[in-house]
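Here the sequence shown is numbered in the numbering used here, starting from 273 and rising by one per residue.
Glycine is no exception: its CB is placed at the ideal position from the N, C-alpha and C atoms.
Keep in mind the model is a prediction, meaning the values are calculated, not measured.
A short write-up of the structure that comes next.
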Amino acid sequence: MRDAEAHGWANPSSVHRAGRESRALLERARADIAGALGGDASDVVLTAGGTEACNLGVLGLLQLNPGRVVTTAVEHPAMGAPLALAERSLGCPVTRLPVPGGRPPEASELRAALTPDTRLVAIQWINHETGTCFPVGDYARVCRDAGVPLLVDANQALGKLPIDVRALDVAALACSAHKLGGPAGAGALWVRRGLDLDPRMLGGGQERGRRAGTPNVVASVGFGAACQHVARRIADMPRITTLRDRMEDGLRALGATRNAPDGPRVATVSNVYVSGWRGEALVAALDLEGLCVSSGAACSSGLAEPSPVLLAMHADEPARAASSLRFSFGPETTESDVDSALTILRRVLSRPAA
Ligand SMILES: Cc1ncc(COP(=O)(O)O)c(C=O)c1O
Numbered sequence: 273m274r275d276a277e278a279h280g281w282a283n284p285s286s287v288h289r290a291g292r293e294s295r296a297l298l299e300r301a302r303a304d305i306a307g308a309l310g311g312d313a314s315d316v317v318l319t320a321g322g323t324e325a326c327n328l329g330v331l332g333l334l335q336l337n338p339g340r341v342v343t344t345a346v347e348h349p350a351m352g353a354p355l356a357l358a359e360r361s362l363g364c365p366v367t368r369l370p371v372p373g374g375r376p377p378e379a380s381e382l383r384a385a386l387t388p389d390t391r392l393v394a395i396q397w398i399n400h401e402t403g404t405c406f407p408v409g410d411y412a413r414v415c416r417d418a419g420v421p422l423l424v425d426a427n428q429a430l431g432k433l434p435i436d437v438r439a440l441d442v443a444a445l446a447c448s449a450h451k452l453g454g455p456a457g458a459g460a461l462w463v464r465r466g467l468d469l470d471p472r473m474l475g476g477g478q479e480r481g482r483r484a485g486t487p488n489v490v491a492s493v494g495f496g497a498a499c500q501h502v503a504r505r506i507a508d509m510p511r512i513t514t515l516r517d518r519m520e521d522g523l524r525a526l527g528a529t530r531n532a533p534d535g536p537r538v539a540t541v542s543n544v545y546v547s548g549w550r551g552e553a554l555v556a557a558l559d560l561e562g563l564c565v566s567s568g569a570a571c572s573s574g575l576a577e578p579s580p581v582l583l584a585m586h587a588d589e590p591a592r593a594a595s596s597l598r599f600s601f602g603p604e605t606t607e608s609d610v611d612s613a614l615t616i617l618r619r620v621l622s623r624p625a626a
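In C-alpha cells form, the structure reads like this:
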C-alpha cells in the first residue's frame with residue numbers, strides 16, 4: 273500500500289502515464305482478488321467495503337428484476353437493511369427463513385420457500401456472530417435447479433475457507449478486505465458474467481458501468497495483497513481451532529455456554545452465554561482489564577441493545593442475547609493470549625454479577 277501511495281496516486285481512468293501506472297496497480301489488485309475467489313478479474317466490481325458490495329448485490333439485482341427474495345432471519349445488516357429497503361420501496365416481499373437454535377436452514381427448507389415469484393436468494397455463508405457455516409453449496413444447487421440467482425454474503429468466509437465461485441455456481445458473492453488483514457473500506461462484489469446489475473453509485477462509468485466513482489487504488493492494492501496470502505491464512509485455521517477450543521473449555525469451566533450449535537463453524541469466533549451478567553457490563557469490565565471483546569456484532573456494539581442475531585436464533589430464551597460475549601481469534605492470537613484472557617475472565621466473573 274505504501275508503494276501504491278507513491279505510484280498509484282493518479283486517477284486510473286486517466287490516459288497519461290501516471291494514470292496508466294495507477295491502472296496497472298488497480299488491475300493487478302483486481303486479479304489477486306479474483307484469484308482468491310476462483311473467478312475472472314473482469315467479473316470483480318471493486319467497492320468501498322463489504323457493506324457496499326452486499327447493497328450493490330441486493331439492490332443492483334432486484335432493481336432490474338423485482339420480486340420475492342428469500343433470505344434468513346440472521347443476516348448481517350449489510351444484507352438485511354437493503355433487503356428491508358427493497359421490501360419497502362421496490363415492493364419485493366421478503367421471506368426470512370428461521371434459524372432456530374442457530375441451526376442454518378437445510379436446502380430442503382430453502383427449496384420449499386421458493387415460489388414462482390422468487391427473483392433472488394440472498395444468504396450469508398458464515399454467520400458473523402456465531403461463526404456457523406451455512407451450506408451454500410447445497411443452496412446453490414437448489415437455486416440453480418429453480419433458476420433463481422443466489423447472492424452470497426461471503427464477508428466472513430474469505431480468508432477462512434476456500435472459495436471457488438465457479439465450482440460453487442453462485443450468481444454473485446460479496447467480500448471485504450478487512451476480514452483477512454486488508455484495510456477497512458475496501459471490498460468487492462463478484463458477479464457471474466452475463467448477469468445484469470444496476471449500479472447503485474451513479475456517475476461516471478467506472479467499474480464497467482457497475483460502480484461509479486474514482487476507484488481507491490491504495491485500498492484495493494491492500495485488498496489484493498491480503499488476497500495473495502489467503503491460502504496461508506486458511507492453512508492456519510487448524511491452529512486457531514485449537515486455540516478457540518482451549519478458550520471454550522476454559523469458558524465452560526466458568527459456567528458459560530456456547531451460542532453456536534454443533535456443526536460446521538469457523539475457528540475465528542466464539543460466542544458464549546454468561547448467565548446472570550449483562551453483556552455490556554462484562555465488555556466494560558473486561559476492557560478495563562485489557563481484554564477487548566464484544567457483546568454483539570462489532571458494528572452495532574455501540575448500541576446498548578441485545579444482538580438481533582442471537583434474539584432470532586434463541587427466540588425462546590431472550591436472556592441469552594442480553595448476556596452474551598463474542599471472542600475473536602486470528603493469525604496473531606497465541607496460546608498465552610488465550611490463557612491470559614481466561615485469567616482475566618476468572619477474576620472478573622468471580623465478582624458479583626452486573
Ligand atoms: C457477514 C458480514 N457481512 C457484511 C459485513 C460488512 O462488511 P464491511 O465491514 O466491510 O462493510 C460484515 C462485517 O462485519 C459481515 O461480518
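Check whether the segment 408-427 and the segment 377-386 touch, using three or more Cβ-Cβ pairs below 8 Å as the test.
Touching, per the Cβ criterion.
With 16 other CB atoms within 10 Å as the buried threshold, where does residue 394 fall?
It is buried - the Cβ of residue 394 has at least 16 other Cβ atoms within 10 Å.
Please name the residue, chosen from 398, 277, 436 and 483, that lies closest to residue 324 on a Cα-to-Cα basis.
Per the Cα distances, 483.
According to DSSP, residue 425 sits in a beta bridge with which residue or residues?
According to DSSP, which records beta bridges pairwise, residue 425 is partnered with 396 and 446.
List in chain order: all unbroken alpha helix (DSSP H) runs of 4+ residues lying wholly within the segment 431-494.
Qualifying alpha helix (DSSP H) stretches, in chain order: 437-440 and 478-481.
Nearest-angstrom Cα distance between residue 597 and residue 292?
Looking at the two C-alpha atoms, the distance is approximately 48 Å.
In the structure shown, what three-state DSSP assignment does residue 328 receive?
In this structure, residue 328 counts as helix in the three-state DSSP scheme.
If you run the structure through DSSP and keep just helix, strand and coil, what is residue 516?
Three-state result, residue 516: helix.
Per the DSSP calculation, residue 341 is bridged to which residue(s)?
366 and 392, per the DSSP bridge assignment.
From the DSSP output, in three-state form, read off residue 673 for me.
Because the chain spans 273 through 626 in this model, residue 673 falls outside it and cannot be assessed.
In angstroms with no decimal places, state the Cα-to-Cα distance between residue 519 and residue 295.
So the two alpha carbons sit approximately 45 Å from each other.
Going by DSSP, what residue range makes up the alpha helix (DSSP H) through residue 357?
Residues 349-361.
Under the DSSP definition of a beta bridge, which residues are partnered with residue 545?
529 and 596, per the DSSP bridge assignment.
Based on Cα-Cα distance, which residue from 287, 603, 374 and 339 lies nearest to residue 367?
Per the Cα distances, 339.
Would DSSP call residue 623 helix, strand or coil?
Coil at residue 623, not helix or strand.
Is residue 427 close to ligand 1? I mean its beta-carbon at under 6 Å from any heavy atom of the ligand.
Correct: residue 427 has its Cβ closer than 6 Å to ligand 1.
Please state whether DSSP places residue 573 in a helix, a strand or coil.
Unreliable positioning characterises residue 573 in this predicted model, as indicated by a pLDDT of 48, which lies under 50. A coordinate reading is not provided.
So does residue 600 have its beta carbon nearer than 6 Å to some heavy atom of ligand 1?
No; taking the cut-off as 6 Å, the Cβ of residue 600 has no heavy atom of ligand 1 nearer than that.
Suppose contacts are defined by Cβ-Cβ distances below 7 Å. Is residue 369 in contact with residue 344 by that definition?
Yes, the Cβ-Cβ distance between residue 369 and residue 344 is below 7 Å.
Considering only the beta carbon of each residue, do residue 537 and residue 431 sit closer than 7 Å?
Not a contact, by the Cβ cut-off of 7 Å.
Taking the alpha-carbon of residue 546 as reference, which of 531, 556, 559 and 332 has the nearest alpha-carbon?
Looking at the Cα atoms, 531 is the closest of the given residues.
Are the Cβ atoms of residue 401 and residue 581 separated by less than 7 Å?
Going by C-beta atoms, residue 401 is nearer than 7 Å to residue 581.
Under three-state DSSP, which class holds residue 550?
Coil at residue 550, not helix or strand.
Short of 7 Å in beta carbon distance, which residues of its chain neighbour residue 276, apart from the five on each side in sequence? Order them along the chain.
Counting only Cβ-Cβ distances below 7 Å, and skipping sequence neighbours, we find 297, 489, 490 and 493.
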